[in-house]
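**Q** Take a look at this one; I'll ask things after.
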Amino acid sequence: MAFFDDVRAETGSGTAAPTPAERVRTILATAGSLTLETDGFRCDLVGLHTTAPGPGGRLLRLRPPAESALAARVLCAPAGDLPVRLHLTDIAPVGVRDRVRARVTLTGWLAPETGRSEGAQAGGEQADADRLVLGFDPAEALVAAGAGAGAGDVAVVDPEELTAAGPDPLAVQEPAMLLHLADSHRDAVDALTRLLDPAVLHGVVRVHPLALDRYGLVLRLEHPRTHRDVRLPFPNPLTDPAEAGPAIQTLLSAAHHCPRRRPHRGG
């Protein structure tokens, strides 16, 4: 499943990109809110979930108020756990047309966790007597591509894949880095388009940095009424946010040595 068009820079790298499982883990780690649905009940949870920082461990925990309607439903569930559906949306931090990059739906069960004080502290969470800690056991995850290539395409991720995957190492810093690139380095963004076939740029009126992960940088190419997303892969996957700047400089160096020039923008 491709989240962005399979148009790549001539930098000599492979075609690596985040797997659907990695995308789910990254969105879980960065989303500030999620929507929960169960039989006859729906609620929005803002800042009430935590997730394991890497592969393994509990995929997701919720910490609703102990007196909330959700807590009551879980505690009264006949089987001891409550079947639920969770919805999360990945929104591009840069102001572009159609900012939804992906939508995630998780199905599974919620159940109270006991003896969480020591574990909460070990995981960096604060123990709170007014909160009920709920562990989420996944049955399946669906991740749908947002606007762009493959819009609406859905990948199915099983629990084993979710457990084995981890969030992207750039995930937490990605919004700030993309906004800095968009606001302070427009010339660099424009220069990077030299890495693309000029035919891809025909009629393009605006270019924005859309996504950044350990595998590369994604640009949004906007036409007057449509758009296309293209990935510029890094020579090697990154392992730390500090490596992002040098990796982008490597792309820029390749762009400056590229004989192609971007055609005149339409519109």
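For the sequence shown, numbering that gives the first Met the number 0 assigns the number 0 to the initial residue and increments by one for each residue that follows. All C-beta atoms, glycine included, are put in the ideal place defined by N, C-alpha and C. Fair warning: this is a prediction, and the values are worked out from it, not measured in the lab.
Using the C-alpha atoms, what's the distance from V73 back to S67?
**A** Each residue's Cα considered, the two are about 10 angstroms apart.
**Q** With a cut-off of 8 angstroms, do at least 3 Cβ pairs link the stretch 154-170 to the stretch 18-25?
**A** Touching, yes.
**Q** Looking at the structure shown, is P64 part of a helix, part of a strand, or coil, going by DSSP?
**A** In this structure, P64 counts as strand in the three-state DSSP scheme.
**Q** In three-state DSSP terms, what is F132?
**A** Note on residue identity: the sequence assigns Val, not Phe, to residue 132. Coil.
**Q** If we ignore side chains and look at the alpha-carbon of each, how far apart do N313 and R96 end up?
**A** Absent from the structure is residue 313, since the part of the chain shown begins at 0 and ends at 266.
**Q** Would you mind listing the alpha helix (DSSP H) stretches within the stretch 179-216 that are 4+ residues and don't spill past its ends, in chain order?
**A** Listed in chain order, the complete alpha helix (DSSP H) runs (minimum 4 residues) inside the stretch 179-216 are 185-191.
**Q** Looking only at its own chain, which residues have a Cβ that is under 6 angstroms from the Cβ of E139, when we skip the five neighbours before and after it?
**A** Correct list, in chain order: T106.
**Q** Closer than 7 angstroms by C-beta to V155: which residues in its own chain qualify, once you throw out the five before and the five after it? Chain order, please.
**A** Cβ neighbours of V155 beyond the five flanking positions: E139, L141.
**Q** Let's see if you can read the secondary structure: which residues bound the beta strand (DSSP E) around P111?
**A** That run of the beta strand (DSSP E) goes 99-111.
**Q** Taking DSSP as the reference, what is the three-state secondary structure of G122?
**A** Caution applies to G122, whose pLDDT of 45 falls short of 50 and renders its modelled position unreliable; the model cannot decide the point.
**Q** Could you pull out every residue in the same chain whose Cβ sits closer than 7 angstroms to the Cβ of A51, ignoring the five residues on either side in sequence?
**A** Excluding sequence neighbours, A51 sits near R57, L58.
**Q** How big is the Cα-Cα spacing for G53 and D212?
**A** Near 16 angstroms, if we compare the C-alpha coordinates of D212 and G53.
**Q** Starting from the C-beta of P17, find all residues in its chain whose C-beta is less than 6 angstroms away, skip the five residues before and the five after it, and write them out in chain order.
**A** Excluding sequence neighbours, P17 sits near D212.
**Q** How about L177 and P208: are their beta carbons less than 8 angstroms apart?
**A** Cβ atoms of L177 and P208: closer than 8 angstroms.
**Q** Going by DSSP, name the residue or residues bridged to T25.
**A** DSSP, once it has assigned bridges, lists no residue as partnering T25.
**Q** Please report the residue range of the alpha helix (DSSP H) in which E36 lies.
**A** Here E36 belongs to no alpha helix (DSSP H); instead the beta strand (DSSP E) covers 32-37.
**Q** If you run the structure through DSSP and keep just helix, strand and coil, what is S116?
**A** Confidence at S116 is low in this model, with a pLDDT of 41, below 50, so its placement is unreliable and the value that follows should be read with caution. Of the three classes helix, strand and coil, the one that applies to S116 here is helix, per DSSP.
**Q** How would you write the range of the beta strand (DSSP E) that T49 sits in, first residue to last?
**A** Taken as a continuous stretch (DSSP letters only), the beta strand (DSSP E) holding T49 covers 48-50.
**Q** What is the DSSP secondary structure of T249, reduced to helix, strand or coil?
**A** DSSP places T249 in helix when its eight states are reduced to three.
**Q** Using the Cβ count rule (16 or more neighbours within 10 Å means buried), how would you classify A170?
**A** A170 should be labelled buried.
**Q** Mapping the DSSP letters down to three states, classify T18 as helix, strand or coil.
**A** In the structure shown, T18 sits in coil (DSSP, three-state: anything other than H, G, I, E or B).
**Q** For V45, which residues of its own chain have a beta-carbon under 6 angstroms away from its beta-carbon, when the five flanking residues on both sides are left out?
**A** Excluding positions up to five away in sequence, the list reads S32.
**Q** Would you please state the rounded distance, in angstroms, between the beta carbons of W108 and L81? I believe it to be under 8 angstroms.
**A** Right, their Cβ atoms sit about 6 angstroms apart.
**Q** So R62 and R130 are supposed to be a Cβ contact under 8 angstroms. How far apart are they, rounded?
**A** Right, the Cβ-Cβ distance comes to about 4 angstroms (below 8 angstroms), so this counts as a contact.
**Q** Distance, Cα to Cα, Q248 vs T225?
**A** Looking at the two C-alpha atoms, the distance is approximately 29 angstroms.
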